[in-house]
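Student: Quick mapping for you: the protein sequence lines, in order, are chains R and Y.
Our numbering puts the last residue of the first sequence at 253; the count rises by one with no breaks.
Our numbering puts the last residue of the second sequence at 506; the count rises by one with no breaks.
Dropping a structure here in structure tokens format, bear with me for questions.
2 protein chains.
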Amino acid sequence: MTEGNQHIGYYHFVVEPFHEDFTGHISWNLLGIRLLQCASKHAAAYGFGSVMAEQEACIWVLSRLTIEMNRRPATHQDYCIETWVDSIYRQFTNRYYRIVGADGTVYGTASSIWALIGRESRRPISLEKLQQEHPTMSLIEVHRPEVHIPEPARIKGHASEPVRSFTAHYSDIDINGHVNSIRYIDHILDLFSFEKLGEQEVRRIDMTYSSEAFCHQKLDLYLTQEEAEDNYVIEIKRSDTPICKARVEFAAS
Amino acid sequence: MTEGNQHIGYYHFVVEPFHEDFTGHISWNLLGIRLLQCASKHAAAYGFGSVMAEQEACIWVLSRLTIEMNRRPATHQDYCIETWVDSIYRQFTNRYYRIVGADGTVYGTASSIWALIGRESRRPISLEKLQQEHPTMSLIEVHRPEVHIPEPARIKGHASEPVRSFTAHYSDIDINGHVNSIRYIDHILDLFSFEKLGEQEVRRIDMTYSSEAFCHQKLDLYLTQEEAEDNYVIEIKRSDTPICKARVEFAAS
């Protein structure tokens, strides 16, 4: 059974007070951070971690992230993030996640695409080649056809005028010196009203990352609504440079 | 010795990746959240926690917070937050903290003043009276004269024009429906440049909380510099209503 698969990482957490949002469930920020932490730990366990990345002067970069939640665990609830690598191709890995409660509740699933890039060159590194050169590295592909995984959505939509702009500051910036991938999700959800976010659950978030943004840069948010559904497309740009694009899907109210 | 004092709470943590800021040390946000979590857990252990608060329909409110750090622990470093109640008077408690590394390094200390208020009435509740009515509640006062505790600073300074304004959104709001106490620290540190925060350590932050702010409210930040020192005073107001006041002290560069 998959529970015995040694190539799946299992990481246990509890939703701590002050890590929830106003609805009493784990904040999207902390949920996103937990996914990144698990990806990082699991990759490290296979020789691809931050230590290896530093030796090779390269860093993992998140290219796409899709999170689909049936519901988010509430304060004091336990959950386990399972993570595994589904495939490796050229400079990318497809990494999947399942968020499961102690009682077996499947809170949700997620998928991500990561690339390894040179810290200085910012250019992608071939994972296949790196594995050949460093036999201690291994990322074994795990296929779990019984687990529903959200495939990245095609994000379409264009707005001509920004609905909001913000300047990236200290609290947006992570250890790599750029705006943290998950912090964009905060800025995106901040576009919706307190009332809407209280009445309707966000069911799914798709993120596509294009370029890095840095401290003191002004970023513009463009919002459009998909036709006939309560789904939204948000583009974040620095002048004309696309930084990231998101799709937010609300559950039917 | 104090290590054996059963009325001190000891809570162990490690600085996890993605919980640091760009300097590679625990972010001020997460450090602040950890202090709140420890206060909450320790009070709960003495019958004053969130469960009791809900039965009594009251919540803890942070009135003052002072954090003084020699340095902040870096990624993967262990630390322990010790917390204890120094005194209880009328509707307030003085709660102190010490942040200590596994090797005995004293990273810093903190002090806070908390009040218990009615969830509906928003009026303070007498802690002394509550303890008399509920004998299962006990907050034993612990005096540790050997531990340096930062006394709250007098925060003086007035600026006439705001340097920045922001509107509170989803990511600012906590489970009580108001702007989270620690989130103000983010907004305050965001006033300083990436370069300054990279070159100089923030040594100490004093916060005084006056009023609650809610989602969609516009808040103005006023900044002044103390004479002759690299210390800053920040006031946050909603129109003319003071929300909180802070003092930020940088270490000599």
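We put the CB at the ideal spot given by N, CA and C, even for glycine.
If you're wondering where the values come from, they're calculated on a predicted model, not measured in any experiment.
Looking only at its chain, what residues have a beta carbon closer than 6 Å to the beta carbon of S464(Y), apart from the 5 residues adjacent to it on each side?
Tutor: T494, I496.
Student: Would you identify the three-state DSSP class for L284(Y), choosing helix, strand or coil?
Tutor: Three-state DSSP puts L284(Y) in a helix.
Student: Run through chain R and tell me which residues come within less than 8 Å of Y423(Y), C-beta to C-beta.
Tutor: What Y423(Y) touches in chain R: D21, F22, D186, L189, D190, F192, F194, L197.
Student: What does the alpha-carbon distance come out to for the pair C80(R) and V106(R)?
Tutor: In a straight line, the C-alpha of C80(R) is about 10 Å away from that of V106(R).
Student: Whose CA, out of G410(Y), T362(Y), H422(Y), E386(Y), lies closest to the CA of I487(Y)?
Tutor: I487(Y) has its Cα closest to that of G410(Y), out of G410(Y), T362(Y), H422(Y), E386(Y).
Student: Among the residues of its own chain, which have a CB less than 7 Å from the CB of M118(R), if the five just before and after it don't count?
Tutor: Note that residue 118(R) corresponds to Gly in the displayed sequence, not to Met. Cβ neighbours of G118(R) beyond the five flanking positions: A57, C58, I125.
Student: Can you tell me the Cα-Cα spacing of D339(Y) and T346(Y), whole angstroms?
Tutor: Roughly 8 Å separates the two Cα atoms.
Student: On the three-state DSSP scale, how would you describe H178(R)?
Tutor: The answer is strand: DSSP assigns H178(R) an E or B state.
Student: Could you please give the first and the last residue of the uninterrupted beta strand (DSSP E) stretch that includes K218(R)?
Tutor: That run of the beta strand (DSSP E) goes 218–225.
Student: Look at F467(Y) and I173(R) and say whether their C-beta atoms are less than 8 Å apart.
Tutor: No, these two residues do not count as a Cβ contact at 8 Å.
Student: At a CB-CB cut-off below 8 Å, which residues of chain R make contact with I426(Y)?
Tutor: The contacting residues are D21, F22, F194.
Student: Under a Cβ-count criterion, where at least 16 other Cβ atoms within 10 Å of its own Cβ denotes burial, should T66(R) be classed as buried or exposed?
Tutor: Buried.
Student: Can you pull the chain R residues whose beta carbon is under 7 Å from the beta carbon of C468(Y), in chain order?
Tutor: Within 7 Å Cβ-Cβ: F194.
Student: Could you tell me which of G262(Y), G354(Y), P398(Y) sits nearest to M322(Y), measuring between CA atoms?
Tutor: Checked all of G262(Y), G354(Y), P398(Y); the closest Cα to M322(Y) is G354(Y).
Student: Return helix, strand or coil for K294(Y), following the three-state DSSP convention.
Tutor: It is helical.
Student: Report yes or no: is there a C-beta of chain R within less than 8 Å of the C-beta of G430(Y)?
Tutor: For G430(Y), the answer is yes, since a Cβ of chain R falls inside 8 Å of its Cβ.
Student: Threshold first: 4 residues or longer. Then list the alpha helix (DSSP H) segments lying entirely within the segment 91–170 of chain R, N to C.
Tutor: Here the runs fully enclosed are 127–133.
Student: Please classify H396(Y) as buried or exposed, where buried requires at least 16 neighbouring CB atoms within 10 angstroms.
Tutor: With fewer than 16 Cβ atoms within 10 Å of its Cβ, H396(Y) is classed as exposed.
Student: So for Y437(Y), helix, strand or coil by DSSP?
Tutor: Y437(Y) falls in the helix class under three-state DSSP.
Student: May I have the straight-line CA-CA distance separating W28(R) from T109(R), to the nearest angstrom?
Tutor: Straight-line Cα distance between these residues: approximately 13 Å.
Student: Give me, in chain order, the residues of the same chain whose beta-carbon lies closer than 6 Å to that of Y222(R); leave out the 5 immediate sequence neighbours on both sides.
Tutor: Result list for Y222(R): A159, P162, E235, in chain order.
Student: Does the beta-carbon distance from R343(Y) to L284(Y) come in below 8 Å?
Tutor: In this structure, L284(Y) does not lie closer than 8 Å to R343(Y) by Cβ.
Student: Measure the alpha-carbon distance for L428(Y) versus H422(Y) and round it to whole angstroms.
Tutor: Here the sequence assigns Ile to residue 428(Y), which means Leu is not the residue at that position. Using only the alpha carbons, I get a separation of about 13 Å.
Student: So is N484(Y) in contact with chain R if we call contact Cβ pairs under 8 Å?
Tutor: By this cut-off, N484(Y) is not an interface position.
Student: How far does the alpha helix (DSSP H) with L62(R) in it extend, from its first residue to its last?
Tutor: L62(R) -> not in any alpha helix (DSSP H); beta strand (DSSP E) instead, spanning 58–69.
Student: Measuring straight from C-alpha to C-alpha, what distance separates A296(Y) and L392(Y)?
Tutor: Each residue's alpha carbon lies about 8 Å from the other.
Student: Terminal residues of the continuous alpha helix (DSSP H) containing E199(R)?
Tutor: Element bounds for E199(R): 194–199.
Student: Taking the CB atoms as reference points, tell me whether T208(R) and I149(R) lie closer together than 8 Å.
Tutor: For T208(R) and I149(R), no; Cβs fall outside 8 Å.
Student: Do we get a CB-CB distance below 8 Å when we pair F271(Y) with the residues of chain R?
Tutor: Cβ-Cβ to chain R under 8 Å: yes for F271(Y).
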